[in-house]
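Here this note's numbering runs 4 ahead of the position in the sequence shown, where the first position is 1.
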Amino acid sequence: MNSRYRLYLAGSLLLGAALVPFLQPSFAQPAKGAMAAFDRVKEVMSNRFKDIQLSGDPDKDFALMLVAHHEDLIFLAKTQLEFGGDQDLRQLAQKILVEQEAQIEQTKKWQARRKEAVYRAQPDQPPHGSGPLDRRGPATEAPRTAQAASPTPPPAPKSSAAAILPLVSGTIEKIDTAEGRLTIAHGPIPNLNMDEMTMVFRVQNPAMLKSLKRGARVRFSADRVQGRITITRIETR
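Here you go:
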């Protein structure tokens with residue numbers, strides 16, 4: 005092989021390598037850290053239900069597992085909104101956030117009402133094991149008719165004692181004063197069945213942000229307020 009042919013071959017290879025990016029279809033590159041974030045979502049969704057302790061009461065267990073399921077979907081949707089680029093999927097993720105938070109709020113209200121000493125089942129509530137709502141039969145209809153004839157009890161009064169929320173340790177990663185939000189890397193939040201992670205919280209009172217700094221170690225309480233996870237108390241360590 006003579007030197008002229010070697011030069012021709014080398015030039016052809018270099019030209020071909022230079023043209024490869026233009027011949028391949030162009031796609032947006034995944035955001036940095038996306039794979040690790042979705043690995044974390046997979047881990048949380050895989051392990052959450054293993055740690056749930058069932059009570060044997062179908063109503064309580066349904067509510068407990070339902071909240072855990074919805075929070076998994078919220079975690080997944082927030083990860084998509086943070087790293088995803090497809091507009092349709094981002095809109096779907098936002099819709100999931102709104103719907104799941106509303107259902108969690110509804111379920112949480114029942115869980116709180118269920119703990120009150122004056123809690124009573126509804127007067128027309130069917131017995132456990134009645135099956136789907138479209139199943140109708142003499143065994144289930146007779147008790148419902150008899151109960152419907154009895155006077156309806158007054159609504160149960162709401163408990164005046166505020167729920168005592170646990171304090172969770174964390175580190176502030178971002179402060180958004182304009183939106184009244186904090187990004188915190190935190191430990192598990194028991195009352196929300198939430199594992200250790202980094203997420204954005206809304207603060208109940210914007211004045212909470214005045215004395216905080218990025219990188220500060222804090223202890224805080226969080227709960228669902230109007231369907232959104234909100235910091236109700238925060239203190240520096």
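Cβ coordinates follow ideal geometry from the N, Cα and C atoms, glycine included. No experiment lies behind these values; they were computed from the predicted model shown.
Would the C-beta of residue i count as close to the ligand MN, meaning under 7 Å from any of its heavy atoms?
i, result
"ALA41", "You won't find the ligand MN in this model; it holds no ligand whatsoever."
Taking the beta carbon of residue i as the centre, do at least 16 other beta carbons fall within 10 Å, making it buried, or is it exposed?
i, result
"ALA97", "buried"
"VAL222", "buried"
"ALA116", "exposed"
"LEU58", "exposed"
"LEU171", "exposed"
"MET39", "exposed"
"LYS217", "exposed"
"LEU80", "buried"
"GLN226", "In the sequence on display, residue 226 carries Ala and not Gln. Buried: at least 16 other Cβ atoms inside 10 Å."
"LEU101", "buried"
"THR240", "exposed"
"LYS99", "exposed"
"LEU93", "exposed"
"GLU105", "buried"
"LYS82", "buried"
"ILE176", "buried"
By Cβ distance below 8 Å, which residues in the same chain neighbour residue i in space, the five residues on each side in sequence not counted?
i, result
"GLU86", "ALA35, ALA41"
"GLY174", "ILE188, ALA189, HIS190, GLY191, ARG221, VAL222, ARG223, PHE224"
"MET201", "ARG44, VAL48, PHE79, ALA189, HIS190"
"LEU196", "GLU75, ALA226, ASP227, ARG228, ILE233"
Excluding sequence positions up to five away, which residues of its chain have a Cβ less than 6 Å from the Cβ of residue i?
i, result
"THR111", "ALA67, LEU70, VAL71"
Could you work out which residue in the options is closest to residue i when comparing CA atoms only?
i, options, result
"PRO131", "PRO62, ASP199, SER173", "PRO62"
"MET198", "ASP43, TYR123, HIS74", "HIS74"
"LEU213", "ASP180, ARG241, MET203", "ASP180"
"ARG228", "GLU109, GLU47, ALA38, ASP55", "GLU109"
"LYS64", "ARG118, LEU80, ASP76, VAL48", "ARG118"
"GLY231", "TYR123, GLU103, ILE168", "GLU103"
"GLN84", "GLN129, ILE193, ASP43", "ASP43"
"ILE56", "GLU120, GLY184, PRO194, LEU186", "PRO194"
"GLN282", "LEU77, LEU169, LYS46, ALA182", "The structure shown does not extend to residue 282, since the chain is modelled only from 5 through 241, so no value can be given for it."
Kindly indicate if chain B contains any beta-carbon less than 8 Å away from that of residue i.
i, result
"ILE100", "Absent from the structure: chain B. Only one protein chain is present."
query = Should the stretch 200–208 be regarded as contacting the stretch 228–236, the criterion being three or more beta carbon pairs within less than 8 Å?
reply = yes
ask   = In the stretch 163–223, which residue ranges form an unbroken beta strand (DSSP E) of at least 3 residues, counting only runs that do not cross its ends?
value = 172–180, 185–190, 201–207
Entirely enclosed alpha helix (DSSP H) segments - the stretch 31–119, minimum 4 residues = Positions of the alpha helix (DSSP H) runs, each at least 4 residues long and wholly inside the stretch 31–119, are given as 38–51, 62–87, 91–119 in order along the chain.
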